[in-house]
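Student:
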Amino acid sequence: MQFSEFGDKFTGQSGIVELMEDLGEALTVNPDMIFMGGGNPARIPAAESLFQKHLRAIVENPIEFNRLVGVYQSPKGDPSFCEDLADYLNRSQGWNLSAKNIAIANGSQSAFFIIANMLAGRSAQGAQTLHLPLSPEYLGYADSGLSANFFTATKPNIELLDKQLFKYHVDFNQLSLPATTNALCVSRPTNPTGNVLSDEELEHLSAIAADQNIPFIIDGAYGVPFPDINFVAATPRWDNNTVLMLSLSKLGLPGIRGGIVIANEEFIHAFTNANTIISLACSTVGPMLAQSLIRSGDLDYLTQHIVKPYYQDSAAHITATLHRELKGLPYRIHKPEGAIFVWVWFEDLPITSRELYERCKAQGLLVVPGENFFIGIDDDWTHKHQCLRISHAQSKEVIDQGIAILAREAKALYR
Ligand SMILES: Cc1ncc(COP(=O)(O)O)c(C=O)c1O
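Using the numbering used here, read the sequence shown as starting at 746 and increasing by one per residue.
(1) Give me the Cα-Cα distance between His1014 and Ala1084, rounded to the nearest whole angstrom.
(2) Taking the alpha carbon of Lys908 as the point to measure from, which residue in Gln1146, Pro1075, Ala872 and Leu1101 has its own alpha carbon closest?
(3) Can you determine whether any heavy atom of ligand 1 sits closer than 6 Å to the C-beta of Gly1004, and answer yes or no?
(4) From which residue to which residue does the beta strand (DSSP E) around Gly1003 run?
(5) Rounded to whole angstroms, how far is the Cβ of Pro878 from the Cβ of Leu989, which I believe are closer than 8 Å?
(6) For Ile860, does the count of other Cβ atoms within 10 angstroms reach 16, so buried, or fall short, so exposed?
(7) Tell me which same chain residues have a C-beta within less than 6 Å of the C-beta of Leu884, skipping the five on either side of it?
(8) Nearest CA to the CA of Phe917: which residue from Leu942, Ser932, Glu1142 and Asn927?
(9) Would you grab the beta carbon distance between Gly997 and Ile789 for me? Rounded to a whole angstrom, and I think it's under 8 Å.
(10) Would you kindly work out how many angstroms separate the C-alpha atoms of Gln1108 and Ala1152, rounded to a whole number?
(11) Tell me whether the beta-carbon of His1137 lies closer than 7 Å to the beta-carbon of Ser1059.
(12) Give the C-beta separation of Gly1031 and Ile1001 to the nearest angstrom, bearing in mind that I take them to be a contact with Cβ-Cβ under 8 Å.
(13) Under the three-state reduction of DSSP, which class applies to Gly1000: helix, strand or coil?
(14) Is Asp907 near ligand 1, in the sense that its beta carbon is under 6 Å from a heavy atom of that ligand?
(15) Pairs of beta-carbons, one from the region 963-983 and one from the region 864-874, closer than 8 Å: are there three or more?
(16) Report yes if the C-beta distance between Ile803 and Met1033 is below 7 Å; otherwise report no.
(17) Where Lys845 and Asn1009 are concerned, what is the direct C-alpha to C-alpha distance, given to the nearest angstrom?
(18) What does the alpha-carbon distance come out to for the pair Ala792 and Ser853?
(19) Residues in the same chain with beta-carbon distance under 6 Å from Leu910, minus the five sequence neighbours each way, listed in chain order, please.
(20) Is Ser1041 near ligand 1 - that is, is its Cβ less than 6 Å away from at least one heavy atom of it?
(21) If you measure from the CB of Ala966, is any heavy atom of ligand 1 nearer than 6 Å?
(22) Given a cut-off of 7 Å, decide if Thr938 and Gly1121 are closer than it, judged by their beta-carbon atoms.
(23) Would you call the CB atoms of Val1087 and Ile1051 closer than 7 Å?
(24) Determine the extent of the beta strand (DSSP E) in which Ile962 is found, giving its start and end residues.
(25) So, with DSSP's three-state summary, where would you put Thr1127?
(26) Under 6 Å: does the beta carbon of Pro999 sit that close to some heavy atom of ligand 1?
(27) Roughly how many angstroms lie between the CA atoms of Ala887 and Gly783, to the nearest whole one?
(28) Do the region 1123-1134 and the region 1096-1112 meet, that is, are 3 or more Cβ pairs less than 8 Å apart?
(29) Leu813 and Thr1029 look like a contact to me (Cβ under 8 Å); what is the Cβ gap, rounded to whole Å?
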């Protein structure tokens, strides 16, 4: 069989495919493996009962049930949901959106794929690229381009903090956009680091994008207004030049594939056309459940009283456990400001983080090696090989067991 260029690129091995296969295989070989690797949200019983209550009401009402399973949603998403969401965002954030600023997608991953390829790749103006102002960034972006050389990136400024912490900042002195740049993109809070770009950083990036007349993509999969897994103050940002991506996944609903794009009307129209060709229509489950959560007021309760406190607590727990277990080693933890991960940096690591990941895996712990997150940074910066992403979307007992394994493996290296 002869594949096309697309076939060759998308059916071959890539960082994310290899890693997901490896994680999947490790779990098959050892079902007792401690899983602190993937991006799955935690199982939170109070959130599950709320989802069950709302879904039950939908399923038990024949008209609503028909809307749920028997009707194609309109290409950009059910208009009544888009209106409710626009009202909700206007009320809670003071924005000035209409339903025309909103489109639905089958998960924000597939929305990103479309948006990234709408903006970067071959074009009448020549090759265009996306710039990541602060890499490490979300691994799921890395292989999304239909063509090669899709991303450029700027290394962060590293601030060393007390108590074995550190923090990445956008290095505006080094940030220079190649002439091919056709959008800026950040996740906030950031996967993999748990960093939250400050309001000033966002403002500055937004001004740069506006000045260059290119869109500013803000991936809010963990951000405001939902699921709001932010532990520091962060003002949500949207304007006509922003493409804000939201997701229902990290509320605890990754299985229903609910993604949302908020942008100016022209952009939403273009996105909808592309998404219709690719998906025909989106799943109705996410929008109907989210609409029910918004109308009842339960969405705010869910984010503020269930989801955010859960991860705030698990982040504090894993940080304290790491400090206790890694004491005496040359490690630092990225200041945990949001999302569901901690990012641990082992300075002067005698092996690569990939090798450390392999050793932990052999002992029954899955984490994610940092190398693949440094998208767009092609030089051999040693820092790229010294970091691990560890999910804390697990019970405290599991976190304790996992960190004990990591500490054993790390201590053996520095002996
Ligand atoms: C930063 C970020 N963006 C987007 C996604 C994709 O989420 P989904 O496709 O489930 O909406 C993820 C998933 O882990 C993520 O971490």
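We treat Cβ as the ideally placed atom computed from N, Cα and C, and that holds for glycine.
Tutor: Reading from the atomic positions:
(1) Stepping through the sequence shown from its first residue, residue 1014 is reached at position 269. Stepping through the sequence shown from its first residue, residue 1084 is reached at position 339. Inter-residue distance for His1014 and Ala1084 is about 30 Å (C-alpha atoms, whole angstroms).
(2) As a position in the sequence shown, residue 908 is number 163, starting the count at 1. Taking each of Gln1146, Pro1075, Ala872 and Leu1101 in turn and checking the Cα distance to Lys908, the smallest one comes out for Pro1075.
(3) In the sequence shown, counting from the first residue as 1, residue 1004 sits at position 259. It does: the Cβ of Gly1004 is within 6 Å (strictly closer) of some heavy atom of ligand 1.
(4) Residue numbering aside, residue 1003 sits at position 258 when the sequence shown is read from its first letter. Where Gly1003 is concerned, the enclosing beta strand (DSSP E) stretches over Gly1003 to Ile1007.
(5) Position 133 of the sequence shown, counted from the first residue, corresponds to residue 878. Position 244 of the sequence shown, counted from the first residue, corresponds to residue 989. Not confirmed; about 16 Å, so no contact.
(6) In the sequence shown, the residue the question calls residue 860 occupies position 115. With 16 or more Cβ atoms within 10 Å of its Cβ, Ile860 is classed as buried.
(7) Position 139 of the sequence shown, counted from the first residue, corresponds to residue 884. For Leu884, where only same-chain residues beyond five positions count, the Cβ hits under 6 Å are Ile761, Asn1117 and Phe1118.
(8) As a first step, residue 917 must be located in the sequence shown, where it is residue number 172. Minimum Cα distance to Phe917 is reached at Leu942.
(9) Translated into the one-based positions of the sequence shown, residue 997 becomes position 252. Translated into the one-based positions of the sequence shown, residue 789 becomes position 44. Between Ile789 and Gly997 the Cβ distance is about 6 Å, and since that is below 8 Å, they are a contact.
(10) Reading the sequence shown from its first residue, position 363 is the one you call residue 1108. Reading the sequence shown from its first residue, position 407 is the one you call residue 1152. Computed Cα separation, rounded: 12 Å.
(11) Locating residue 1137 in the sequence shown gives position 392, counting from the first residue. Locating residue 1059 in the sequence shown gives position 314, counting from the first residue. In this structure, Ser1059 lies closer than 7 Å to His1137 by Cβ.
(12) Residue 1031 sits at position 286 when you count from the first residue of the sequence shown. Residue 1001 sits at position 256 when you count from the first residue of the sequence shown. Indeed they touch by this definition, with Cβ atoms about 5 Å apart.
(13) Sequence index remark: in the sequence shown, residue 1000 carries index 255 (1-based). Gly1000 falls in the helix class under three-state DSSP.
(14) Taking the sequence shown and counting its residues from 1, the one referred to as residue 907 is at position 162. No.
(15) no
(16) Against the sequence shown, residue 803 aligns to sequence position 58. Against the sequence shown, residue 1033 aligns to sequence position 288. Contact flag set, yes.
(17) Position 100 of the sequence shown, counted from the start, is the residue given in the question as residue 845. Position 264 of the sequence shown, counted from the start, is the residue given in the question as residue 1009. Between Lys845 and Asn1009, the C-alpha separation is close to 8 Å.
(18) As a working note, residue 792 is residue 47 in the sequence shown. As a working note, residue 853 is residue 108 in the sequence shown. Those two C-alpha atoms are separated by around 21 Å.
(19) What you label residue 910 is simply residue 165 of the sequence shown in a count that begins at 1. Ile1078 and Lys1080.
(20) As a working mapping, residue 1041 is identified with position 296 in the sequence shown. Ser1041 Cβ: outside cutoff for every heavy atom of ligand 1.
(21) Here the question's residue 966 lines up with position 221 in the sequence shown. Ala966 Cβ: within cutoff of ligand 1.
(22) Here the question's residue 1121 lines up with position 376 in the sequence shown. Here the question's residue 938 lines up with position 193 in the sequence shown. Cβ atoms of Gly1121 and Thr938: not closer than 7 Å.
(23) Stepping through the sequence shown from its first residue, residue 1087 is reached at position 342. Stepping through the sequence shown from its first residue, residue 1051 is reached at position 306. Not a contact, by the Cβ cut-off of 7 Å.
(24) Within the sequence shown, residue 962 is the residue found at index 217, counting from 1. Its beta strand (DSSP E) spans residues Phe961 to Asp964.
(25) Reading the sequence shown from its first residue, position 382 is the one you call residue 1127. Of the three classes helix, strand and coil, the one that applies to Thr1127 here is helix, per DSSP.
(26) As a first step, residue 999 is located in the sequence shown; it is residue number 254 there, counting from the start. The answer is yes for Pro999.
(27) On the sequence shown, residue 887 is found 142 positions in, with the first residue counted as 1. On the sequence shown, residue 783 is found 38 positions in, with the first residue counted as 1. A direct Cα-to-Cα measurement between Ala887 and Gly783 gives close to 16 Å.
(28) yes
(29) Your numbering for residue 813 matches position 68 in the sequence shown. Your numbering for residue 1029 matches position 284 in the sequence shown. Contact holds; Cβ gap of about 6 Å.
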